[in-house]
Structures are given as C-alpha cells and as structure tokens.
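Visitor:
Number of protein chains: 2
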Amino acid sequence: MAPLLTIGEFSRMTHLSVKALRHYHDMGVLEPAAIDPFTGYRSYDATQVVPAQVIRRLRDLGMPLDSIRSVLVAPDLETRNREIAAHLGRMERQLAQTQASVAGLRALLAGPEVRPAVEYRKIPAVTALAVAQVVSAADLATWGSDALGALSDALATDGVAPGGATGPFGALFPGDFFELERSEITAFVPVGSPPAGFELPDGTVRLLEIPAVEAAIAVHEGPLDDIDRTYGALGTVVAERAIGVDGPIREYYLIGFPETEDESKHRTEVAWPVFLTS
Amino acid sequence: MAPLLTIGEFSRMTHLSVKALRHYHDMGVLEPAAIDPFTGYRSYDATQVVPAQVIRRLRDLGMPLDSIRSVLVAPDLETRNREIAAHLGRMERQLAQTQASVAGLRALLAGPEVRPAVEYRKIPAVTALAVAQVVSAADLATWGSDALGALSDALATDGVAPGGATGPFGALFPGDFFELERSEITAFVPVGSPPAGFELPDGTVRLLEIPAVEAAIAVHEGPLDDIDRTYGALGTVVAERAIGVDGPIREYYLIGFPETEDESKHRTEVAWPVFLTS
DNA sequence: CTTGACTCTCCTGTAATGGGAGACCGGAGA
DNA sequence: TCTCCGGTCTCCCATTACAGGAGAGTCAAG
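Protein chains in written order, with numbering that gives the first Met the number 0: chain A, 0 to 277; chain B, 0 to 277.
The structure is reproduced here in structure tokens:
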C-alpha cells in the first residue's frame, strides 16, 4: 500500500536531479524512506514528494540547506513560518541593496567626478558614551542601528548626561577593518563630563575618552552604501600630498536615520587621521 | 605627481579587502599599476580608485568577474551599458522567479492537498511539425518560447498545413531530462498530413510522427513553475497502482502565453506514458 | 640591529551541486 | 545460464569569489 520508488522515479516526480537527492540525503535534509543494507540503493516513499517540493521552492529562494533542514524539522507551523519570514526579510534587504547599488553605479559611471571638498582640521578630545564590538562588514548596518539604540537609551538615563549629547554620533574604524572586513568597531556619542563617581547601569555602554586628532575631513552626501566614493576621494588627496596616516578612521553621522528616512539627505563626515610629514 | 599606493592603502580607499584585490589581479580584472620585480609588491595608482569602485558595485549586483572584465575592457559606453543592461535583465528575471517561488511555496504549505484528477487514456498517433534540441533545465523557458515562435512561423507558411493546427502545442521530455536537468526536448504542433512530397523550407522544423501512447494524464492549472506539483501527484498515482513507465513524458499546452498573459489561467496537460502490468 | 607592521605565495575551505570514473545491481533476451 | 543494458552506488574533481592561515620575505622606525 506504500509503494517505494527508486531514486530515478522520485527524481522524475519531483524535478530534483538525482545528484541533488543524494546530496540532500548526505546533508540530512531529505532522508530516503529506506536504504537497502546490501546494495545501498535508496528508496523513496510517495509521501515524500511534498516535502521534496517544499525543498525545491526554498532552494529557488536561495535558502541554504542548513536553514531548510531547520524549517523542515520545525514541528509547528508557527516556527516554520517565522523561519521563512526571516529568510524573506533577508531577501528583501538584499533587493534593497541591489537597487542602491544600481543607483550608485549610475552615479559612478555618469557622474562628472564631483570630488567632495577635503579640509585639514584638528578635532579636540571629548568624553563620550561608547559601545565597542568586533563586527564584520556584512553585519555593520545591523550592528550600527543596535548600537545607536543602546547609546540613545543610555543618554536618556537620568544623571548620565545632564546636558545631553554635545555632538553628533560617531564611530571609530581601525584601519584593518577595511582590509579584513572584520574588526572591533566603536560607536560613540560625546557628552559633557558626567558627575564624578557616576556608574553606568548597563554593561555594554562605557565612558570613553576620544582623543584629539588632526585629520583630513570630507563630508559624504547620500546613502552609506556609497561612502567608498568619499573614502576614495579622501584617500587620493591624502596620498597626493604624501602625508602619513595613523589611528582609526572616524565617521560622524551628521544627518542619519534618526533625522530622516531619505538616504539621499544623509550627511556623514569622514575623518582620516593624518600627521603631516612635510 | 602620480603617487603609488600599497595594497593596504588602496584597500582602505576602496573598501575592497586585500584578498579581493589580489584575487582581482589574478583574474585580470584589476591589474596593479606596478609590480616590484624583486619583491612582488603590488602598487596601485590613485586613478584606479574609480574602476575599483565600479567593480565593487558590479559585484554587489552579483555580476561574475568574467563579465566585469568584459565590461571594463569595453571601449565605448554603449557596449558597457549593453552588458550592464543585460545583467540587470537577468536579475529582473530572477526576481520574478523568486516571487513565483514564494507564491508556489505558500500554495504548497497552506494548500489543502488538491490532487489533480488523473485519468488513463489512449492518445492517438498524429503527424506534427516539430523542433528538437538539447536543452538544459535553466534554458527551458527561453527555448520554449523560441520553439513556439518557430513552429508558428512554419504553420503560417503557405501549403505546409492546409487545415492549420489540429491540436494544441506539445512537447516531449525524455525521462532523463528531469534527472540530468539536460536532454533533448522536442516541441511540436499536430497538423493534418501535408501534401505528398512537400518540403519544409526551414532546416530546424521537421515533420514528425508522434506515436500513439497509453498514458496517465492530469491537467495542471497555473504557472509552469509549479508543474512539479502535478508531476508529483501523477507520479504518486502511477506508483500506487504499480504500473510500468515507458517513453518520454508529454506536456500539452492547452492554454499558454499565446492565449493569456495571466499565468494563473494557464492549463497544461501532463501525459505520463504507462503500460499496465496488472 | 631588532621589532612590528606589512606583504608575498601557496594551500585549504566554503555551498550546492555537476561531471565523470569505475564498480555493482537487476531484469530481459539469447 | 550468460550477457547486455540501463540504473545505481561511491569517490574524486571542478565550479565561484573569495576568507583563513602558514611560512617567509620586506620595509621603516627606534
């Protein structure tokens, strides 16, 4: 009453290649209903057609096999839907980034080389609330908004910063972050000196002295996805003047998501520390 | 006046990892401005920042390095834009397929198991105009519409088919097409017997005798992306009744794109040849 | 001269298969 | 019974665009 199918028959029914079915077996995503202990022949059950087709759909959506396995073993519909929704969210974000890339590409190809103005300026030392964590480039955006939230919460805590923020939010990027795509990033917001002996309640937000620095500075206009253009212009100017570089690169978010959703209105100051050699 | 940059400096300016830059060098996508013949150290030029950023954008769009190389060596803007447009077209199609997959997935997960009705019927032999080619699963949709066009053109040719088509368009899929994702597919349209000795002008369209066959048949409703559901149901029924399988599987496009753009209205008959063993 | 930061090449690993080799299995015809 | 052919098995290698790390050479400053 439950006829078993050979891998070839099952392949025809599900439109999954034999190779793929064997791979799904190895990965534990779709186990054959039976395996002949002597010949190793796989046998599938007609009831496995539907799961196999679900797998096909999820693969079409680019979901990795590991995630598919979790989805399939999820007992209840709720967990299952949550996993799928999470994946669709990732897809959506990826699509948004694709569109941003297209826009950035157009600007880069058609653009008349509008070099942002670069100035040399000394940034004074400040006291700041800060959070630091090792972050990879892929997680930067997510981590950034989390960090911003944490800093905002800390700011709002009574007694921490009597005068509120004394400047825009910023972040420190060690040089090797751009080379390795992964390094410890520090997000901060400058505040007036807090009452002596004051202790922060939360463990992640610390009080940090951001040292003074002399830097080449340019303001990036537009979405952060395009910020490499400003880095390039800044780096070119720095290189042309033959000036040494030292210390982490800083970004100051003059206008960001808290101010407006319209990314084209965003303004970010990039400060590239230098010390004059000439 | 043209200062050379180390790979690390260039990495910081472009937000491309050192590893990626070396890889681009190996692939011939972005050659360093100079290479020290003794140490092998790569040196980059400030003018290479913009090309590097273009590469970054194209990679964000998922364009393979081979294509990026072609784009970069393209001398004129026109060729360049054509390449990019072609890639965006591919992306768009992929997006459409993603959406279709989401819809299909919902139907599969939420669906109340609406099994299409399966009947056993004998299909009589017919004479048909046919085109055949080895096609891989990925190219199936494209090839299908091309083949349909070729067949329509042949039909419209004077004297070929005095009575016009005598039935819907169809296609033959050898069993191993679904297992290997690549096999020789035959698209055909039945016609009345043409005048004796008549010769077709075009080389690709041939006259073919489609043999009679006894088959299990089900009608698939909706887009072809979901046709594996009908294959599964059909295969399950065939397997449950313990019936042998022989010959290529056939699809008849009762209602397709020529009739309506609305894919949910499409109707495709799937005929799975069987010969009764009981 | 040493140290530490930087760079080099080369090898391995990733994810999800495809391609192919060489061997085994099962049913059908001679 | 032998043989043939198609189906299946397990391995191993290739793909893409890098990342990670080993081991060694290079550069500039103290």
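Just so you know, even glycine gets a beta-carbon here, dropped at the ideal spot from N, CA and C.
Does the stretch 200 to 212 of chain A touch the stretch 30 to 48 of chain B, meaning 3 or more C-beta pairs lie closer than 8 angstroms?
Guide: No, because fewer than three Cβ pairs between the stretch 30 to 48 of chain B and the stretch 200 to 212 of chain A fall closer than 8 angstroms, the two stretches do not touch.
Visitor: For residue 192 of chain A versus residue 126 of chain A, is the C-beta spacing smaller than 9 angstroms?
Guide: A contact, by the Cβ cut-off of 9 angstroms.
Visitor: Got a sec, what are the start and stop residues for the beta strand (DSSP E) residue 317 of chain B sits in?
Guide: This structure cannot speak to residue 317 of chain B, because chain B is shown only from 0 to 277.
Visitor: Closer than 7 angstroms between beta carbons: that is the criterion. Which residues of the stretch 58 to 70 of chain A meet it against chain B?
Guide: Within the stretch 58 to 70 of chain A, the qualifying residues are 59 and 60.
Visitor: Report the option in B:190, B:142, B:147 and B:54 whose CA atom is closest to the CA atom of residue 100 of chain A.
Guide: Taking only the C-alpha atoms, the option nearest residue 100 of chain A is B:54.
Visitor: Could you please give the first and the last residue of the uninterrupted beta strand (DSSP E) stretch that includes residue 212 of chain A?
Guide: First-last of the beta strand (DSSP E) with residue 212 of chain A: 212 to 220.
Visitor: Can you pull the chain A residues whose beta carbon is under 7 angstroms from the beta carbon of residue 13 of chain B, in chain order?
Guide: Chain A residues near residue 13 of chain B: 227 and 231.
Visitor: Alpha carbons only, please: which of A:146, A:210, A:114 and A:32 is nearest the one belonging to residue 46 of chain B?
Guide: Comparing Cα positions, the closest option is A:114.
Visitor: Can a CB atom of chain B be found closer than 9 angstroms to the CB of residue 269 of chain A?
Guide: No, residue 269 of chain A does not count as interfacial toward chain B.
Visitor: For residue 12 of chain B, which of A:254, A:261 and A:236 has the nearest alpha-carbon?
Guide: Residue 12 of chain B has its Cα closest to that of A:236, out of A:254, A:261 and A:236.
Visitor: In the DSSP assignment, find the unbroken beta strand (DSSP E) run with residue 293 of chain B in it and report its ends.
Guide: Not covered by the structure: residue 293 of chain B. The range shown for chain B is 0 to 277.
Visitor: I need the DSSP call for residue 13 of chain A, collapsed to helix, strand or coil.
Guide: In this structure, residue 13 of chain A counts as helix in the three-state DSSP scheme.
Visitor: Scan the stretch 41 to 57 of chain B for residues whose Cβ lies nearer than 9 angstroms to a Cβ of chain A and list them as they occur along the chain.
Guide: Listed by position, the residues of the stretch 41 to 57 of chain B near chain A (Cβ gap below 9 angstroms) are 45, 46, 48, 49, 51, 52, 53, 55, 56 and 57.
Visitor: Output the distance between the C-alpha atoms of residue 103 of chain A and residue 138 of chain A, rounded to the nearest integer angstrom.
Guide: Taking the straight line joining both Cα atoms gives about 20 angstroms.
Visitor: Taking residue 185 of chain B as the query, report the chain A residues whose CB atoms sit under 9 angstroms from its CB, ordered along the chain.
Guide: Residues of chain A passing the Cβ test: none, with the nearest at roughly 17 angstroms.
Visitor: I'd like to know whether the C-beta of residue 10 of chain A is nearer than 9 angstroms to at least one C-beta of chain B.
Guide: Yes, because at least one Cβ of chain B sits closer than 9 angstroms to the Cβ of residue 10 of chain A.
Visitor: Identify, in the order they occur along the chain, each residue of the same chain with its Cβ nearer than 6 angstroms to the Cβ of residue 272 of chain A, setting aside the five sequence neighbours on each side.
Guide: Cβ neighbours of residue 272 of chain A beyond the five flanking positions: 212, 214, 245 and 246.
Visitor: Apart from the five residues just before and just after residue 262 of chain B, which ones in its own chain have a Cβ nearer than 6 angstroms to its Cβ?
Guide: Within the same chain, residue 262 of chain B has close Cβ partners 222.
Visitor: Quickly, what does DSSP pair residue 182 of chain A with across the bridge? List them, please.
Guide: According to DSSP, residue 182 of chain A bridges with A:134.
Visitor: Give me the chain B residues within the contact set of residue 156 of chain A, using Cβ-Cβ distance strictly less than 9 angstroms, ordered along the chain.
Guide: None at all; the shortest Cβ gap to chain B is about 35 angstroms.
Visitor: For a quick check, are the C-beta atoms of residue 184 of chain A and residue 268 of chain A less than 9 angstroms apart?
Guide: No, these two residues do not count as a Cβ contact at 9 angstroms.
Visitor: Do residue 186 of chain B and residue 270 of chain B have their C-beta atoms closer together than 9 angstroms?
Guide: Cβ distance not < 9 angstroms, so residue 186 of chain B and residue 270 of chain B don't count as in contact.
Visitor: By a C-beta neighbour count over all protein chains shown, 10 Å radius and 16 as the cutoff for buried, is residue 277 of chain B buried or exposed?
Guide: Since pLDDT at residue 277 of chain B reaches only 44, below the 50 mark, its modelled position is unreliable, and the value read off the structure follows with that caveat. So residue 277 of chain B ends up on the exposed side.
Visitor: Based on the DSSP secondary-structure assignment, which residues constitute the bridge partners of residue 43 of chain A?
Guide: Its beta-bridge partners are A:4.
Visitor: My parser needs the beta strand (DSSP E) runs of 3 or more residues fully inside the stretch 26 to 106 of chain A; what are they?
Guide: Fully enclosed beta strand (DSSP E) runs of 3 or longer: 41 to 44.
Visitor: Closest by CA to residue 253 of chain B, which one among B:8, B:164 and B:71?
Guide: Residue 253 of chain B has its Cα closest to that of B:164, out of B:8, B:164 and B:71.
Visitor: So which residues on chain B does residue 178 of chain A lean against when the C-beta distance must stay under 8 angstroms?
Guide: 7, 10, 11, 16 and 17, listed in chain order.
Visitor: Would you mind reading off the limits of the alpha helix (DSSP H) that contains residue 239 of chain A?
Guide: Element bounds for residue 239 of chain A: 226 to 239.
Visitor: For residue 256 of chain A, which of helix, strand or coil comes out of DSSP?
Guide: Correct three-state label for residue 256 of chain A: coil.
Visitor: Short of 9 angstroms Cβ to Cβ, which residues in the stretch 69 to 103 of chain B face chain A?
Guide: For the stretch 69 to 103 of chain B, which is checked against every Cβ of chain A, the residues closer than 9 angstroms are 76, 79, 80, 83, 87, 90, 94, 96, 97, 99, 100, 101 and 103.
Visitor: What residue range is occupied by the uninterrupted alpha helix (DSSP H) comprising residue 147 of chain A?
Guide: Its alpha helix (DSSP H) spans residues 139 to 155.
Visitor: Comparing C-alpha positions only, which one of B:180, B:118 and B:175 sits nearest to residue 8 of chain A?
Guide: Comparing Cα positions, the closest option is B:175.
Visitor: DSSP three-state label for residue 19 of chain B, please.
Guide: It is helical.
Visitor: Applying a beta-carbon distance threshold of less than 8 angstroms, which residues of chain A neighbour residue 147 of chain B?
Guide: Within 8 angstroms Cβ-Cβ: nothing; residue 147 of chain B doesn't reach chain A, min ~21 angstroms.
Visitor: Using 9 angstroms as the limit for Cβ to Cβ distance, is residue 207 of chain B near chain A?
Guide: No, its Cβ sits nowhere closer than 9 angstroms to a Cβ of chain A.
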